[in-house]
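Take 1 as the starting number for the sequence shown in UniProt numbering and just add one per residue. The beta-carbon is built from N, C-alpha and C at its ideal position, and this holds for glycine as well. Small disclaimer: the values here were computed from a predicted structure and weren't measured. Here is the structure we will look at, set down as structure tokens.
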Amino acid sequence: MRNLSFRLQGAMVSRVLDSPVDFFDSTPRGRVLNRFSTELENVDCCLYLSLKQILQTLPAGIARIVVTGLQAPAAGVLGGVTAAFYLATMVIMAKACNAARRLESVQASHLLQHVAETRDTLSVLRSYGVEERFCRHSYRLVDAAMRALLTLTNGLRSVRFLGGLCGFLVVMASVAFAVILPGQSQDLANNGSAVGLALSASVGVAFLIMGSSGSVFFCLQTFVSVERCVDYTRLPPEAGLNEESGSEPDGEKTSPGIRSHEPVVAGRLDSVTWPSKGKLEFDKYAASYKPGILPDVLHDVSFVVLPREKVGIVGRTGAGKSSLFMAVLRVLKASAGCIRIDGVDIAAVPLRRLRSVVTVIPQDPCLTRGTLRNVLDPTNTCSDEDVWWALEQAHLTAFVSRHPMKILMDVEDVDNNFSAGQRQLVCLARALLRRPRVLLLDEATSHMDGDTDRLVQSTLRDSFAHCTVLAIAHRLDTVLDYDKILVMEAGRVIEFGPTSSLATNQGSEFRTMLLSAGLAPEGAAFDSAELSIESTWL
1 MRNLSFRLQG AMVSRVLDSP VDFFDSTPRG RVLNRFSTEL ENVDCCLYLS LKQILQTLPA
61 GIARIVVTGL QAPAAGVLGG VTAAFYLATM VIMAKACNAA RRLESVQASH LLQHVAETRD
121 TLSVLRSYGV EERFCRHSYR LVDAAMRALL TLTNGLRSVR FLGGLCGFLV VMASVAFAVI
181 LPGQSQDLAN NGSAVGLALS ASVGVAFLIM GSSGSVFFCL QTFVSVERCV DYTRLPPEAG
241 LNEESGSEPD GEKTSPGIRS HEPVVAGRLD SVTWPSKGKL EFDKYAASYK PGILPDVLHD
301 VSFVVLPREK VGIVGRTGAG KSSLFMAVLR VLKASAGCIR IDGVDIAAVP LRRLRSVVTV
361 IPQDPCLTRG TLRNVLDPTN TCSDEDVWWA LEQAHLTAFV SRHPMKILMD VEDVDNNFSA
421 GQRQLVCLAR ALLRRPRVLL LDEATSHMDG DTDRLVQSTL RDSFAHCTVL AIAHRLDTVL
481 DYDKILVMEA GRVIEFGPTS SLATNQGSEF RTMLLSAGLA PEGAAFDSAE LSIESTWL
């Protein structure tokens, strides 16, 4: 049973991690939490205990019915009929209780989802003063969950009542045929020990029926949990996730952090060294989260980023900046055009390979639990010197050195012992160790102060000089020294070119943004050294 639980949980985790983004968009978090908590707990505990009790009591119950039948045949026949009636009733009750069990699981998922959302947005709820409304909603969810649970509990009580009634009928039949009607069983009436044995066996049958009814009921209900867990082992993986690259011979797998510099034949992924340069091309690309169902979020996107160029992506909220990054990672489904890296269409690249060569530093970084070294180098392919070098480049050396455990210090996933800005710096250090050819920054300095921001920008220029960098910027001052600027609006590219050219063009949308942010005086020539460095949000 333990092996079953391990294998079931492992398969569930693997399938959930391999699921497409659509699954997480359409599946409430509470439902996933319920499968990995309550349902797995039922499989771990209840299934084993109920099966154990059934296997222990079933042979004893059959033996007692046989003994009763041998001593009082008529009572034995009635006991068999009663047992058949009880089993038929159990089948009917099991169907009703299985439905109640599923309803209870659904209501529990809704409750867990509400609790998780409330915890994540607690500060917002307090600021708007809607705590009472959320409390009332939680009361309604608790009531709904309790109604489903009471229905399930009443089903168990009904099963136990029927079991007790059947056992009572067997006892009364034994008494009637052995004592009240001695004429029909003269041998039994003249043998006191036989009468006692028959009555003792019949009483044991009654207790076994009442006791085993709960075990059978719990076993049937636990199989509902098994069914729900097995459903998660059959989740479809993301398209292209399990494809294998034909260019990699068996047994020759390269680490994501290792890049050699052999050329890649244009248009074909025929070398394990891809990508060797980092040239990124969008060719009339359009994409949607669900092609044919939802409208496109990117429309006719075309631009070319040369190797080692630094490109800042700007635009209003909802312009499609983050969707552009999701397209590079093939989270979005292309409806037209293509994206090429070093001349290779990413649609032809296995998904794991593609995402191993593109590094993303998100706006809200997430650190897993473990030591700092394991967080920075999960595959343990880098030396301690490399780790310290990455920490130095990310300006975390002083902070880590003050800790007694140094790079072996613990990192918590909840109540993290790093500030928001430090978490972003840890992600920056992790990216340095991966040595990617394409680096995507989704406002990676949003939680940093001005001084740290300038240090990080210096690191991006120096330590990531070999990378092609695309950076989403809500603060225009963070991308003024980039090579090019990409301006987006409503999922379309409206401007793309050198930063100085766009900033000095009087009709440029980028210059309009600079003027609105107070980063360029009216009519002045563009000079990044003279622009304001104040953190100004769009």
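Report yes if the CB atom of residue i is closer than 9 Å to the CB atom of residue j, and no otherwise.
{"i": "G337", "j": "A286", "result": "yes"}
{"i": "F50", "j": "C219", "result": "A small correction: the amino acid at residue 50 is Ser; Phe does not occupy that position in the sequence shown. Yes."}
{"i": "V358", "j": "Y482", "result": "no"}
{"i": "A60", "j": "G204", "result": "yes"}
{"i": "S463", "j": "L432", "result": "yes"}
{"i": "V301", "j": "G421", "result": "no"}
{"i": "R373", "j": "L408", "result": "yes"}
{"i": "Q53", "j": "L152", "result": "no"}
{"i": "E443", "j": "R423", "result": "no"}
{"i": "L298", "j": "L354", "result": "no"}
{"i": "K284", "j": "V304", "result": "no"}
{"i": "G30", "j": "A83", "result": "no"}
{"i": "C229", "j": "M488", "result": "no"}
{"i": "T478", "j": "D451", "result": "no"}
{"i": "P236", "j": "S109", "result": "no"}
{"i": "V226", "j": "L199", "result": "no"}
{"i": "L428", "j": "Q393", "result": "yes"}
{"i": "V456", "j": "L425", "result": "yes"}
{"i": "V130", "j": "S213", "result": "no"}
{"i": "R15", "j": "T233", "result": "yes"}
{"i": "G10", "j": "C97", "result": "no"}
{"i": "S356", "j": "I472", "result": "no"}
{"i": "I341", "j": "W389", "result": "no"}
{"i": "V349", "j": "L470", "result": "no"}
{"i": "L197", "j": "V77", "result": "no"}
Using the rule of at least 16 other Cβ atoms within 10 Å of the residue's Cβ for burial, across every protein chain shown, is residue i buried or exposed?
{"i": "Q56", "result": "exposed"}
{"i": "H395", "result": "buried"}
{"i": "M405", "result": "exposed"}
{"i": "I62", "result": "exposed"}
{"i": "I293", "result": "exposed"}
{"i": "F6", "result": "exposed"}
{"i": "E104", "result": "buried"}
{"i": "L169", "result": "buried"}
{"i": "Y128", "result": "exposed"}
{"i": "Q107", "result": "buried"}
{"i": "R140", "result": "exposed"}
{"i": "D120", "result": "exposed"}
{"i": "V493", "result": "buried"}
{"i": "residue 587", "result": "As shown, the chain starts at 1 and ends at 538. That puts residue 587 outside it, with no answer to give."}
{"i": "L514", "result": "buried"}
Nearest to residue i by alpha carbon, out of the options?
{"i": "L162", "options": "Y139, F207, L150, M146", "result": "F207"}
{"i": "N42", "options": "L8, I65, K284, I62", "result": "L8"}
{"i": "E238", "options": "T512, V456, L351, V328", "result": "L351"}
{"i": "M93", "options": "C45, N417, R157, D364", "result": "R157"}
{"i": "N3", "options": "F418, S138, L40", "result": "L40"}
{"i": "T118", "options": "S105, E132, V106", "result": "E132"}
{"i": "V360", "options": "M326, T381, T379, A347", "result": "M326"}
{"i": "P20", "options": "F134, R330, S213, V226", "result": "R330"}
{"i": "D22", "options": "D364, W389, D345, S288", "result": "S288"}
{"i": "S335", "options": "K95, D296, V328", "result": "D296"}
{"i": "A173", "options": "R136, V106, I65", "result": "I65"}
{"i": "A465", "options": "V438, A473, L480", "result": "V438"}
Taking 7 Å as the limit between beta carbons, can you name the residues of its chain near residue i, skipping five residues before and five after?
{"i": "I258", "result": "In this predicted model, I258 has a pLDDT of only 33, less than 50, meaning its place in the structure is not dependable; the value taken from the coordinates is given anyway. Taken in chain order, the list of residues that qualify is empty."}
{"i": "R101", "result": "L152, Q221, V224"}
{"i": "V216", "result": "I54, M90"}
{"i": "D377", "result": "V387, L433"}
{"i": "P307", "result": "K277, G278, K279, T468"}
{"i": "G251", "result": "Residue placement at G251 is flagged as unreliable, the pLDDT there being 37, under the threshold of 50; the coordinate-derived value follows with that caveat. None."}
Enumerate in chain order the residues of its own chain whose CB-to-CB distance from residue i is below 6 Å, with the five nearest sequence positions on each side excluded.
{"i": "I485", "result": "G312, T499, L502, F510"}
{"i": "G246", "result": "With a pLDDT of 43 at G246, under the threshold of 50, the modelled position of this residue cannot be trusted, and the question is left open."}
{"i": "L111", "result": "L141, A145"}
{"i": "A88", "result": "none"}
{"i": "A524", "result": "Unreliable positioning characterises A524 in this predicted model, as indicated by a pLDDT of 49, which lies under 50. A coordinate reading is not provided."}
{"i": "L33", "result": "L112"}
Looking only at its own chain, which residues have a Cβ that is under 8 Å from the Cβ of residue i, when we skip the five neighbours before and after it?
{"i": "V400", "result": "L372, L391, K406, I407, M409"}
{"i": "D384", "result": "R373, I407"}
{"i": "K290", "result": "D22, K333"}
{"i": "L58", "result": "S212"}
{"i": "L125", "result": "T118, E131, F134"}
{"i": "H403", "result": "M409"}
### Message
At 3 residues or longer, what runs of the beta strand (DSSP E) sit wholly inside the stretch 458-505?
### Response
468-472, 484-489, 492-498
### Task
Taking only runs that begin and end inside the stretch 276-350, name each unbroken alpha helix (DSSP H) of 4 or more residues, in chain order.
321-328
### Message
If we require 4 or more residues per run, which alpha helix (DSSP H) segments fall completely within the stretch 399-455?
### Response
420-434
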